[in-house]
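A.B. asks: Below is the structure I would like to discuss, written out as structure tokens.
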Amino acid sequence: MNQVKINTAGGRSLVILDGTMDHISGLLPDRGLFIITDTNVSRLYGHAFPPGEVLVIEAGEKSKTLDVAGDLCRKMLEAGADRSAFILGFGGGVVCDIAGLTASIFMRGVRHAFVSTSLLSQVDASIGGKTGVNLGEYKNMIGTFRQPEFVLCDHSMLATLPDEEFRSGLGELYKHAIIRDRNLFLDLSASAGRLAEREPQILGDLILRAVKIKAAVVKSDPLEKGTRRILNFGHTFGHVLETHYAIPHGIAISQGMIIAAELSVWKGELPHAGLRLLEMALEKAGLLTRYRLPSNVVSRISRDKKGEADSVNFVLLRSVGKAIVRSLPLTEIQAFVTYYNEKELESQSQ
Ligand code: GLY
């Protein structure tokens with residue numbers, strides 16, 4: 115079992131990798147435990163829940179709303195929760211986002227932690243203290259930063275993930291390598307077959323390396339004032355594709371990373387060979403998709419990115435393994451989108 119510590123001014127978090135429920139029994143309170151989970155996870159792992167009040171939300175992105183968070187708060191109050199309550203989010207990305215938000219707003223904040231059951235949440239969503247719900251089509255528009263006390267990742271739970279969800283998690287795993295660690299990227303690419311087979315040893319090793327990257331970035335900038343922005347690589351276009359086409363997060367982010375790499379080439383930051391390397395690796399991993407960008411993409415980006423008026427902070431690549439952040443005018447992004455969509459149309463008609 116491996117552990118990664120994330121100590122920040124706003125809180126300390128312990129990520130327990132390849133652990134089991136035995137590893138957290140001593141970390142939970144004797145009373146006042148509230149388990150927030152979803153319909154799928156409670157069916158699969160309800161038998162493993164520690165003793166506590168279980169609150170079940172519908173599985174899926176549609177549950178990521180303020181109404182659902184408010185409903186969870188109301189149910190906790192009705193069940194007698196007070197400020198000593200402890201919330202355990204038991205599930206994937208959606209559960210972690212909403213359980214974290216509920217923990218940060220219920221009675222102005224109660225303790226919380228996660229048991230992270232999907233690849234997406236084990237490498238990304240449960241780690242780093244971001245919580246959030248969507249506001250209509252705008253992803254994670256309402257949220258807080260609040261570090262979970264611990265995150266338990268039991269890799270054996272990944273065996274039950276549907277294929278598409280597993281690939282979605284792979285997208286975020288690749289992202290961590292692409293922004294910071296070329297060797298990890300090359301290892302991921304070389305191990306694509308064993309990864310797709312979900313071989314426990316390779317999965318454990320690669321998840322640990324990705325989590326260490328995320329932990330280092332979060333420690334250096336927990337509130338995303340600067341460096342942490344690189345974790346949003348692929349998310350600017352990816353979020354628009356995710357909501358427009360209702361596709362899984364990591365799959366949308368994978369295409370978002372390709373588009374961001376194209377933009378990096380267009381801006382003269384990334385050599386074309388870097389883009390090709392990325393395309394080949396993501397194709398091998400079953401992550402290369404070709405959705406067209408919707409016509410209103412730039413206005414959606416400007417709101418989604420919570421940006422300063424006429425420009426947005428955009429994560430580009432210098433090379434595979436090195437991301438940089440640049441402020442780009444929306445007019446420039448619009449010019450690139452026109453170029454990108456025409457190029458895609460041309461290649462589809464060939
Ligand atoms: N998922 C991006 C971050 O945690 O900053």
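Under the numbering used here, the sequence shown is numbered contiguously, ending at residue 464.
The C-beta atom is built at its ideal place from N, Cα and C for all residues, glycine as well.
1. Cα-Cα, which of 443, 306, 262 is closest to residue 224?
2. Would DSSP call residue 167 helix, strand or coil?
3. In chain order, what residues of the same chain lie with their CB nearer than 6 Å to the CB of residue 143, ignoring the 5 residues before and after it?
4. May I ask which residues mark the beginning and end of the alpha helix (DSSP H) holding residue 314?
5. Thinking residue 120 and residue 331 are a contact (beta carbons under 8 Å), I'd like their distance in whole angstroms, please.
6. Exposed or buried, what is residue 328 when buried is set at 16 or more other beta-carbons lying within 10 Å of its beta-carbon?
7. Residues bridged to residue 427 by DSSP?
8. Between residue 433 and the rest of its own chain, which residues show a CB-CB distance below 6 Å, the 5 nearest in sequence each way excluded?
9. When you compare the segment 357-376 with the segment 400-414, are there three or more beta-carbon pairs, one atom per stretch, that lie closer than 8 Å?
10. Going by C-alpha distance, which of 355, 373, 338 is nearest residue 122?
11. My output table needs one value for residue 227: the three-state DSSP class, helix, strand or coil.
12. Ignore the nearest five residues each way along the sequence and tell me which others in residue 442's own chain have a CB closer than 7 Å to its CB.
13. Starting from residue 155 and walking both ways along the alpha helix (DSSP H), at which residues does that stretch end?
14. Anyone know if the C-beta pair for residue 247 and residue 180 falls short of 7 Å?
15. Sorted by chain position, which residues of the same chain lie with C-beta nearer than 6 Å to residue 138's C-beta, five sequence neighbours on each side aside?
C.D. replies: The answer reads as follows:
1. 262
2. strand
3. 200
4. Bounds of the alpha helix (DSSP H) holding residue 314 are 314-334.
5. So it is not a contact: roughly 10 Å between Cβ atoms.
6. Counting Cβ neighbours within 10 Å, residue 328 comes out buried, since at least 16 surround it.
7. 441
8. 388
9. Flag = yes, the segment 357-376 and the segment 400-414 touch.
10. Answer by Cα proximity: 338.
11. Of the three classes helix, strand and coil, the one that applies to residue 227 here is strand, per DSSP.
12. So the list reads 425, 426, 428, once near-sequence residues are dropped.
13. Note, residue 155: alpha helix (DSSP H), 153-159.
14. yes
15. 266
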